[in-house]
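So the protein sequences, as listed, match chains A and B. Using this note's numbering, the letters of the first sequence correspond one by one to residues 86 to 768. Using this note's numbering, the letters of the second sequence correspond one by one to residues 82 to 214.
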Amino acid sequence: ILEDYLLVEDAPLLEEMAEEDEELDLYNEMTFGLDRDYTEEDSTKPLVPLEMSPELVEVVAEETEAREELGPGVAEELGELQEEGGMELEVEQIGSELEEEEEELGTEDQEEDQEPNDLGDPAVMRAVQSKPTLESQDSAVLDSRIGACWAEFGEEDMLAMDPLVWGSCPGSIPPHHALEDKAILQVLERPPPSTNMALDFLSSPVQRGYRGSPRLKRPNLRLMSPKSFPQHFLRQTAGYASLAPFRPTSSTIGSPPRPFTMHFGPMSPSSDSAVFFSPSASGQLNLSAPSHMTQLHPQHQRILTQRQQQGGQAQSISPKKSWSPKVDPYAGLMTSKEKDWVIKVEMIQLQSENMDDDYYYQMYYHRLEHKQAEEELLGGRNKQEPPKLVTPFIQKVEMYNSVVRIAGSLGQVAVSTCYSPRRAIDAVHHALVEEATGSHRLRALHKIEKLFLQLLEVEEMQRKMPLASEEQQPGCQEQKSQEVECIYQALKIRACSTEEEAEDEFLQLLCVQKGKKLMARLLPHLTQEQAEKILLTIAHHLPFLMKKDALDESLPLLYSPLNQVVGGMTFSKVIKVLQEMTRPLPESPELPLAMALKNQFGISLLYSLLSHGEGLLSSDTPLEPCSGDFETWTDTVFLVARELSQVPKALLVEPLFLPSNLLSLFCRYLDKQTVHHLEVKME
Amino acid sequence: MNYMPGTASLIQDIDKKHLVLLRDGRTLIGYLRSIDQFANLVLHQTVERIHVGKKYGDIPRGIFVVRGENVVLLGEIDLEKESDTPLQQVSIEEILEEQRVEQQTKQESEKLKVQALKERGLSVPRADTLDEY
Chain A
86 ILEDYLLVED APLLEEMAEE DEELDLYNEM TFGLDRDYTE EDSTKPLVPL EMSPELVEVV
146 AEETEAREEL GPGVAEELGE LQEEGGMELE VEQIGSELEE EEEELGTEDQ EEDQEPNDLG
206 DPAVMRAVQS KPTLESQDSA VLDSRIGACW AEFGEEDMLA MDPLVWGSCP GSIPPHHALE
266 DKAILQVLER PPPSTNMALD FLSSPVQRGY RGSPRLKRPN LRLMSPKSFP QHFLRQTAGY
326 ASLAPFRPTS STIGSPPRPF TMHFGPMSPS SDSAVFFSPS ASGQLNLSAP SHMTQLHPQH
386 QRILTQRQQQ GGQAQSISPK KSWSPKVDPY AGLMTSKEKD WVIKVEMIQL QSENMDDDYY
446 YQMYYHRLEH KQAEEELLGG RNKQEPPKLV TPFIQKVEMY NSVVRIAGSL GQVAVSTCYS
506 PRRAIDAVHH ALVEEATGSH RLRALHKIEK LFLQLLEVEE MQRKMPLASE EQQPGCQEQK
566 SQEVECIYQA LKIRACSTEE EAEDEFLQLL CVQKGKKLMA RLLPHLTQEQ AEKILLTIAH
626 HLPFLMKKDA LDESLPLLYS PLNQVVGGMT FSKVIKVLQE MTRPLPESPE LPLAMALKNQ
686 FGISLLYSLL SHGEGLLSSD TPLEPCSGDF ETWTDTVFLV ARELSQVPKA LLVEPLFLPS
746 NLLSLFCRYL DKQTVHHLEV KME
Chain B
82 MNYMPGTASL IQDIDKKHLV LLRDGRTLIG YLRSIDQFAN LVLHQTVERI HVGKKYGDIP
142 RGIFVVRGEN VVLLGEIDLE KESDTPLQQV SIEEILEEQR VEQQTKQESE KLKVQALKER
202 GLSVPRADTL DEY
């Protein structure tokens, strides 16, 4: 018999169905006072009590006219979509379009019913003044709710399934009803669902919900005959559950279960319907609640589902004993998409490894698993897989590239920042850091770090050089020298006046302890010329450096390498450096020399210079002095001696190293008494 | 029926009337319209209900957006049983007055207590000045 029923692919059939639907909807509206989508027609039709069938017919005619606009549109769409494969898809599209039209009709009326909230009135929870529904008028309707049947599934408002209601107007059932039902019956041809009805029931919306048009919030059942009803009316609440089928779904797409039977004539209901029309639920009602033996008139089913759709997405569902006539116009504020999203987030949260985050969830499943394991052991059954929530697998981003750089591009690539806003922020930060950061000190520190890294590379190269083969040596050397040169250039050593000292980059580096360390380690790698230049600069700015070093006291770091440098200097060079130390300062009467005596590094450096000079003089090596060198030398020695004698012993700092030939130096130029005096001092 | 066993979600509570207890002690009653992952709530047609003794008064508040962390608990209101209460509803003015009187008596007794403790050399920090955690 079932095979006789046509697949709804014929346009005329669909048209008929559409017409039928309209009639039915009208009927439903009159019966149940559905107002949302049909408010436009309200004015045209009076509310017809059920008993007045003739009027009903009249109104049906009226409605049909009113709906004519929809009709042709439907027909067109049907025609268009005929070619497309997949009946269900077609139907959906049509349905959604129809729905849109409906919504257009209905939207303007949404606000009609709400009165402005009068704050003066304490009773805020007003009844929404919808049209007086039939239910409120007809106690029979009130009594015969099958609401509780759906309660298990948290269903939306139940329709009245009062036999009286339908019994009173048998004539209203259009003749084409049968066809429609045939189409509906197609559902029953689907392969039987798996054992766990409720779960599969949920699983079907998975495919349904996500395959269909996302706009399809309220699937218009009128044309979606192949779909199963339960899918639809559970879609609202279970739509979002589609994200989490309680059972990893095995049902294929497009194969909705047959959770209940379309009671049609002699057909016997399947046991599945027990799920929906549970006798237990009926206990709540004093109605002849549909038990598993109850056969629902197919129209009743449709009404049910239509009610579902029109009731909006998220109408308040609760097992109500008495029917609340108030339709909640604010329902559905939160769309199913939004709900899906929240559930998705919640499920992602469940994925954490952290036990603290989802303790209850973890415990629940642990216990479940334990229990099943026990059962398994006891019962010896096959291993049961505990139904696990299928949480959406979110691949955690392993690496977060805060700043995306593509080789060859200029700067930061415009990575999509809508989903990773952090990138944009980080990129800006990156850019800022690379620029002058405004603070000298920060810049200096940054530079030191950079140069240090380079220096470490140089030292690495140095270390590796002996290991390299003979041919590679010069190459390595070359490379190393280049690197060193790089660093040296980066230091930006240049002549600068006293005023500019604070701004000078090189000097700033030297003010930082790490900068001094850097220099100390770098000096051995530099050429003599480069090193001497550094020494000269240091000597020139010695007072500044000493002042800045008051806190750190890290200048002595430089002593050892500088000492080495001094040891390689010519006499003229020594003189030059000494001249720096003896030149008068603009803002202070004190000579740098004098200041140096009070500073460990200063005095050590001084002694080193003197010692070397003396050493050079007393040695046989040809000095090649410049003109005036010797005079300067003598002057310097005298000056040193003078300062030494003048400086109070308390302030005189012990040098890092006291060269042995200093005294003999002094002896040559100074009288014994002075020398002795100095000797005492210097100890 | 919870489609996500082992978890709790407010999704099922959408569009239902709820009673929400806030951390500051307020009681709100409204239709839960929207939530998010932090359990921030959007309450519609909200009423703040003040309870004093056996009396209560409702202050209509309109729409509330409640930050999730401020919620102590919330529960669905059974619309049928809602009116089935031994409590007596009074006007706003009356309940506010009652509340004020209640606060006053509480303060006075508190003051006496603190005074008494002080005389005995004990000092109990006031609960409302303590850190919340």
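Glycine included, every Cβ here is placed at the ideal spot set by N, Cα and C.
Based on the DSSP output, what are the partners of P628/A in its beta bridges? P628/A pairs with nothing; no bridge assigned.
Quick check: the segment 92–102 of chain B against the segment 727–737 of chain A, are at least 3 beta-carbon pairs closer than 8 Å? Contact between the segment 727–737 of chain A and the segment 92–102 of chain B is absent, because fewer than three Cβ pairs lie under 8 Å.
From E423/A to Q118/B, what does the alpha carbon distance come to, in whole angstroms? In this structure, the straight-line span from the alpha carbon of E423/A to that of Q118/B is close to 11 Å.
The segment 130–149 of chain B: which residues have C-beta closer than 9 Å to a C-beta of chain A, in chain order? Of all residues in the segment 130–149 of chain B, G138, D139, I140, P141, R142 and G143 have a Cβ within less than 9 Å of some Cβ in chain A.
For R107/B, verify whether its CB is less than 7 Å away from any heavy atom of the ligand FAD. Absence of the ligand FAD from the depicted structure is noted, as is the absence of any ligand whatsoever, leaving it without description.
May I ask you to report which of helix, strand or coil DSSP gives R142/B? Assigned with DSSP and collapsed to three states, R142/B falls in strand.
Please identify, using Cβ separations under 7 Å, the residues of the segment 449–467 of chain A that lie next to chain B, in order along the chain. Taking 7 Å as the cut-off between beta carbons, the residues of the segment 449–467 of chain A near chain B are Y449 and Y450, in sequence order.
Residues of the segment 88–100 of chain B with a CB closer than 7 Å to any CB of chain A: list them in chain order, please. If the cut-off is 7 Å between Cβ atoms, the segment 88–100 of chain B has T88, S90, I92, Q93, I95, D96 and K97 near chain A.
Run down chain B in chain order and give the residues with a C-beta less than 7 Å from the C-beta of M781/A. What is shown of chain A runs 86 to 768, which leaves residue 781/A out entirely.
Please check the pair K683/A and V738/A, which I expect to be a contact at CB under 8 Å, by giving their CB distance rounded to whole angstroms. The Cβ separation is near 6 Å, so the contact holds.
Can you tell me whether L691/A is helix, strand or coil according to DSSP? In this structure, L691/A counts as helix in the three-state DSSP scheme.
If I measure Cβ to Cβ from Q547/A and keep anything under 8 Å in the same chain, skipping five residues before and after, which residues do I get? Cβ within range, chain order: K565 and H610.
Can you tell me whether DSSP reads T127/B as helix, strand or coil? DSSP, reduced to helix, strand and coil, places T127/B within a strand of the structure shown.
Under 9 Å (Cβ pairs) to chain A, residues found in the segment 117–128 of chain B: So the close ones are D117, Q118, V123, H125, Q126, T127 and V128.
What separation, rounded to the nearest whole angstrom, lies between the Cα atoms of A160/A and M102/A? Here the model assigns A160/A a pLDDT of 44, short of 50, so the residue's position is not dependable, and the following value carries that caveat. Pairing A160/A with M102/A, the inter-Cα distance amounts to about 11 Å.
Counting only runs that start and end within the segment 516–579 of chain A, where is the alpha helix (DSSP H) found for 4 or more residues in a row? Listed in chain order, they are 525–549 and 557–576.
D446/A to L435/A span [Cα, whole Å]: The sequence as given places Tyr at residue 446/A; Asp does not occur at that position. Distance between the alpha carbons of Y446/A and L435/A is about 7 Å.
Which same chain residues, not among the five before or five after H125/B, have their C-beta less than 7 Å away from its C-beta? Only G111, Y112, R114 and I144 meet the Cβ criterion.
Per the contact definition of three or more C-beta pairs closer than 8 Å, is the segment 580–597 of chain A in contact with the segment 554–565 of chain A? Put simply, the segment 554–565 of chain A does not touch the segment 580–597 of chain A. Fewer than three CB pairs are less than 8 Å apart.
Proximal chain D residues relative to D413/A, where beta-carbon distance stays under 7 Å: As a matter of chain content, chain D is missing from the structure shown, whose protein chains are A and B.
Distance, Cα to Cα, P744/A vs L694/A? Going by C-alpha positions, P744/A is about 10 Å away from L694/A.
If contacts are defined as beta-carbon pairs under 8 Å, then I116/B and L122/B qualify, I think. What distance do you get, rounded to the angstrom? I116/B to L122/B, Cβ: 6 Å. Contact.
Please classify E107/A as buried or exposed, where buried requires at least 16 neighbouring CB atoms within 10 angstroms. It counts as buried.
Rounded C-beta distance between L630/A and L576/A? I'm assuming under 8 Å. About 15 Å separates the CB atoms of L630/A and L576/A; that is not less than 8 Å, and the two are not in contact.
When you compare only the Cα positions, how much space is there between V651/A and G493/A? If I take the Cα positions, the gap works out to 47 Å.
Integer-rounded CB distance, given that L691/A should sit under 8 Å from V722/A: Taking C-beta atoms under 8 Å as the contact rule, V722/A and L691/A fail to qualify, at a distance of about 11 Å.
Quick check: what's the CA-CA separation for E544/A versus D637/A? Rounded to whole angstroms, E544/A to D637/A spans 26 Å at the Cα level.
Taking Cβ positions, are K601/A and L640/A nearer each other than 8 Å? K601/A is a Cβ neighbour of L640/A, given a cutoff of 8 Å.
Exposed or buried, which one is Y573/A when buried takes at least 16 other CB atoms within 10 Å? Buried is the call here.
Just the C-alpha distance for K406/A and L100/B, rounded to the nearest angstrom, thanks. The predicted model places K406/A with a pLDDT of 41, which falls under 50 and marks its position as unreliable; any figure quoted below should be read in that light. One alpha carbon belongs to K406/A, the other to L100/B, and they sit about 21 Å apart.
Any beta carbon from chain B within less than 8 Å of Y445/A's own beta carbon? Yes, Y445/A counts as interfacial toward chain B.
Chain B contact residues for K424/A, given Cβ-Cβ distances below 8 Å: Residues of chain B passing the Cβ test: I92 and I95.
Among residues of its own chain, excluding the 5 on either side of E74/A, which ones have a beta-carbon nearer than 6 Å to its beta-carbon? Not covered by the structure: residue 74/A. The range shown for chain A is 86 to 768.
Does Y137/B come out as helix, strand or coil in the three-state DSSP assignment? Residue state for Y137/B is assigned as strand, using DSSP reduced to three classes.
Is the distance from the Cβ of A624/A to the Cβ of E665/A below 8 Å? With contacts defined as CB atoms closer than 8 Å, A624/A and E665/A qualify as a contacting pair.
Contact defined as beta carbons within less than 8 Å: I believe I688/A pairs with P628/A. What is the distance between those atoms, to the nearest angstrom? I688/A to P628/A, Cβ: 13 Å. No contact.
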